[in-house]
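Everything below concerns the one structure shown next.
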Amino acid sequence: MGNPFKTIRNLLLFFSIAVITAQEDSITVDSTFYPKKVVAEGSETVVISATVNPINISPTAYRYSIYPRNRPAEVFMQKLFFPGEQIQIILPANILSTDSLGNIAKLEPLGDAYDHQYRMFNADVGEINLTTFDILGPSDIMKLTVLDAETNNPIGNSNIRITQNREILSSAQTDTSGYTRVRIPVKRIQNEPVMVSINTDGRFPTWKGNMDIAEGIFEKTVTISPLELGPGDAIYEVIDSMVPFREGPENGAVSLFLLNEGDQVIISKVAGDRLFGRVRIYLDKQGIYRNISGWVLGKHLNRME
3 MGNPFKTIRN LLLFFSIAVI TAQEDSITVD STFYPKKVVA EGSETVVISA TVNPINISPT
63 AYRYSIYPRN RPAEVFMQKL FFPGEQIQII LPANILSTDS LGNIAKLEPL GDAYDHQYRM
123 FNADVGEINL TTFDILGPSD IMKLTVLDAE TNNPIGNSNI RITQNREILS SAQTDTSGYT
183 RVRIPVKRIQ NEPVMVSINT DGRFPTWKGN MDIAEGIFEK TVTISPLELG PGDAIYEVID
243 SMVPFREGPE NGAVSLFLLN EGDQVIISKV AGDRLFGRVR IYLDKQGIYR NISGWVLGKH
303 LNRME
């Protein structure tokens, strides 16, 4: 017969190990990554908060990271947040870099090929509220430059509008050098061109062109020249938005495309409240301009002097 004392000791040892193991298994691991250097007792803290503004999209989650600008591999903290949760990270203030704009907040929207966004900020205590993160859908990017065809000078402050099948995909404005980055959502009809409209606020006729969009980032230069008038022609400016430019004068005639405020039409014929004229369109594939003729209601136009 075995030693009773030894048997009891072994049973107690077994139950002690089981209890310790159960306690370890009960610890839940959240999505926060805490490097050891973040743990600092008794120091002042800083709350770094982010606000997101998803535009016509629904990311499934957001990964939020804080790290020093000159050491991006040394992440102070990284955490996962779901839509509707307050996005913020609390850190000991003394671990932040004291360099000017020496810290970076990185936001990664999840659920699609969304762009990652970054904000630089200075060290501080209390609360740091970063500028809002506008979350846009995956896009191709056109690096567009708009120039005067005669002088090759930039045409600044031009308003760019991208549409496809009457749906507005995006808009942008050139800077003083005639340049802008135009984001064109990938969620469009990929095998069809888009309509690019460039409004120069009356300095030049509105430029319109059917354009095939390359995948990823690509460059495009557009040159704009004045309209050439024939005998009896007059230039009218569109004063409303989403105005049908129709194939015939009837109300039910096929709409060729929509005119927008600021567009210019060369009118050559007036029939009551209907005006017949042409709009110059650039065909990207052929590299040529083409005049598209059609009808428009006179109430949507003003004659330019």
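Each residue of the sequence shown is one higher than the one before, starting from 3 at the first, in the working numbering.
Even for Gly, the Cβ is constructed at its ideal location relative to N, Cα and C.
Query                                                                                                                        : Result
Nearest-angstrom Cα separation, counted from residue 171 out to residue 143                                                  : 12 Å
Validate contact between the region 44-56 and the region 93-112 using beta carbons, cut 8 Å, 3 pairs                         : yes
For residue 95, the three-state DSSP class (helix, strand or coil)                                                           : helix
Environment of residue 266 [buried if 16+ CB atoms lie within 10 Å]                                                          : buried
Rounded Cβ spacing between residue 122 and residue 105 (contact assumed at less than 8 Å)                                    : 7 Å
Residue environment, residue 120, which counts as buried when at least 16 other CB atoms sit within 10 Å                     : exposed
Residue 269 burial status per 10 Å Cβ neighbour count (16 or more: buried)                                                   : buried
Beta-ladder partner(s) of residue 70, from DSSP                                                                              : 105
Range covered by the beta strand (DSSP E) that runs through residue 259                                                      : 257-261
Helix, strand or coil at residue 279 according to DSSP, with G and I counted as helix                                        : strand
Closest by C-alpha distance to residue 288, when choosing among 159, 188 and 195                                             : 195
Residue environment, residue 243, which counts as buried when at least 16 other CB atoms sit within 10 Å                     : exposed
9 Å Cβ cutoff met for residue 222 and residue 145                                                                            : yes
Under 9 Å between C-beta atoms of residue 51 and residue 112                                                                 : no
Bounding residues of the beta strand (DSSP E) (the contiguous stretch that carries residue 190)                              : It is not in any beta strand (DSSP E) - residue 190 carries neither H nor E in the DSSP assignment.
Range covered by the beta strand (DSSP E) that runs through residue 266                                                      : 266-273
Exposure of residue 291, with buried meaning 16 or more beta-carbon neighbours within 10 Å                                   : exposed
Supposed contact pair residue 59 and residue 150 - C-beta distance, whole angstroms, cut 8 Å                                 : Going by Cβ atoms, the distance from residue 150 to residue 59 rounds to 37 Å, so no, they are not a contact pair.
Residue range of the beta strand (DSSP E) that includes residue 56                                                           : 54-56
Meets three-Cβ-pair contact criterion under 8 Å: the region 256-265 and the region 229-248                                   : yes
First and last residue of the uninterrupted beta strand (DSSP E) at residue 246                                              : 245-248
Cβ contact check for the region 189-203 and the region 158-168: 3 or more pairs under 8 Å                                    : yes
Status (buried if at least 16 other CB within 10 Å, exposed otherwise) for residue 1                                         : Outside the displayed range of the chain (3 to 307) lies residue 1, so it cannot be described from this structure.
Among 118, 161, 218 and 87, nearest to residue 67 - alpha-carbon criterion                                                   : 118
Buried versus exposed call for residue 213 [16 or more other C-beta atoms within 10 Å across all chains shown]               : buried
Boundaries (first-last residue) of the beta strand (DSSP E) holding residue 301                                              : Careful: residue 301 lies outside any beta strand (DSSP E) and carries neither H nor E.
Under 9 Å between C-beta atoms of residue 276 and residue 299                                                                : yes
Where residue 80 falls: helix, strand or coil (DSSP)                                                                         : strand
Neighbourhood of residue 102 by C-beta distance below 7 Å, restricted to the same chain and skipping five residues each side : 124
Range of the contiguous beta strand (DSSP E) that encloses residue 287                                                       : Taken as a continuous stretch (DSSP letters only), residue 287 belongs to no beta strand (DSSP E), as it is neither H nor E.
Environment of residue 240 [buried if 16+ CB atoms lie within 10 Å]                                                          : buried
Pair within 9 Å by beta-carbon distance, residue 182 and residue 162                                                         : yes
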